[in-house]
Amino acid sequence: MSKNVYSKIIELVFLKKYREGDVEVNFERSELIDAAVELNLPRPKNVGDVIYTFRSRQELPESIAQKAPRGTEWIITSLGPGKYAFSARIPLNHSIDRERVTMVPDCTPPLVAMYATSDEQALLSQVRYCRLIDIFTDVTCFSLQSHLLTSVPKIGQIETDEIYIGIDREGSKFVIPVQAKGSKDFLSLVQIEQDISMCSSKFPDLKCRAVGIKRDTNDIILMFEYTTRDNEVSIERRASFTIHRL
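The opening residue of the sequence shown carries number 830 in my numbering; numbering runs sequentially from there.
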């Protein structure tokens, strides 16, 4: 379905519920279908794709963006099964100094690289085999699980791209949820918040160090570590890597 159709649907849902001064606008999944019917547009076959599109692929329409309080932007958060909200958040600045790039030898087995099914999957494999999480965090890390589907209280079902368990030289243990995006998508603040909440729920005894990775258009891998202060997510550190064959 075209991006323009999604934009018209999400715009109608927001403008129907928004009131001047709102910092959170609640809505339900069914309202996306109702909006499509009211606009005489095709019903989305996958309603979840509408939400994902405006979290990671496409900016919200300007008619929505301009109503965010100064210094914030709207993100679509989950409030439980089938329940969402446009929430005003301080945006994350994912800019990076591309002049400071660390070169790392490519340890990805050629067969794995050949048969990776998507840009995101290829990126996760490359990061895993080249041990970029270890290099970036200064922690010895081991992949625990890829594409973990689980339920988180007050959020609902989420998917974490990959989870690492790590230990540092002092014996401290960490859980590291990783969000991966290819060159066409952008790192999602919502997914970062969800990954951090998942770690608090499923790994309460481990310190969470959430990481986002993204393949840049010129094949540079951008990496970010996130932290929370006063319930707001911020970027703790950032780095860029390029992978080369020996």
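The beta-carbon is built from N, C-alpha and C at its ideal position, and this holds for glycine as well.
Pull up the DSSP beta-bridge partners for residue i, would you.
i	result
Q1008	G1041
T888	Contrary to the premise, residue 888 reads as Glu rather than Thr in this sequence. Per DSSP, none; premise fails for E888.
S975	E991
P1033	Bridge partners of P1033: none, in fact.
K912	E857 and G909
L868	Paired residue(s): none; L868 is not in a bridge.
I1072	V933
Y1055	A1039 and I1064
C970	G995
What distance in whole Å lies between the Cβ atoms of residue j and residue i, which are believed to be in contact at a cut-off of 8 angstroms?
i	j	result
E902	A894	7 angstroms
P934	L1075	5 angstroms
A864	V834	Going by Cβ atoms, the distance from A864 to V834 rounds to 10 angstroms, so no, they are not a contact pair.
V930	T1071	5 angstroms
E991	S1017	About 15 angstroms; that fails the 8 angstroms criterion.
Taking all protein chains shown into account, do 16 or more other C-beta atoms lie within 10 angstroms of the C-beta of residue i, making it buried, or fewer, making it exposed?
i	result
C936	exposed
G1041	buried
S1001	exposed
S947	exposed
S924	exposed
Y944	exposed
S859	exposed
P871	exposed
T882	buried
F856	buried
V879	buried
A942	exposed
I996	exposed
V854	buried
V866	exposed
Q1078	For residue 1078 there is no data in the structure shown, the boundaries of the chain being 830 and 1075.
Between the options, which has its C-alpha nearest residue i's C-alpha?
i	options	result
S1063	A864, H1073, R1038 and T1071	R1038
S836	G1011, T1057 and P890	P890
R884	S916, P910, S892 and D863	S916
G900	K912, T979 and P920	P920
F1015	N875, R886 and H976	R886
A1068	M932, C970, S892 and P1033	M932
R1066	D926, V1019, K846 and N875	D926
S980	P910, F1003, I996 and F1070	P910
K777	D1045, I994 and S1017	A question about residue 777 goes unanswered here, because the residues of the chain that appear run from 830 up to 1075.
V852	T906, P1006 and E888	T906
D1059	S975, E928, R918 and K1036	R918
P1033	P898, I839, L953 and I1005	I1005
L961	K1043, T1057, K912 and K1036	K1043
Y958	H1073, T1057 and E840	H1073
G877	E1022, R848, I838 and T1056	I838
Inset, instruction - Take every Cβ of the region 1018-1035, pair it with every Cβ of the region 978-990, and state whether three or more of those distances are shorter than 8 angstroms. - result: yes
Legend entry - Any 3 or more C-beta pairs closer than 8 angstroms across the region 959-970 and the region 1048-1059: yes
Inset, instruction - Tell me, please, whether the region 1006-1020 touches the region 947-961 by the rule of three or more beta-carbon pairs shorter than 8 angstroms. - result: yes
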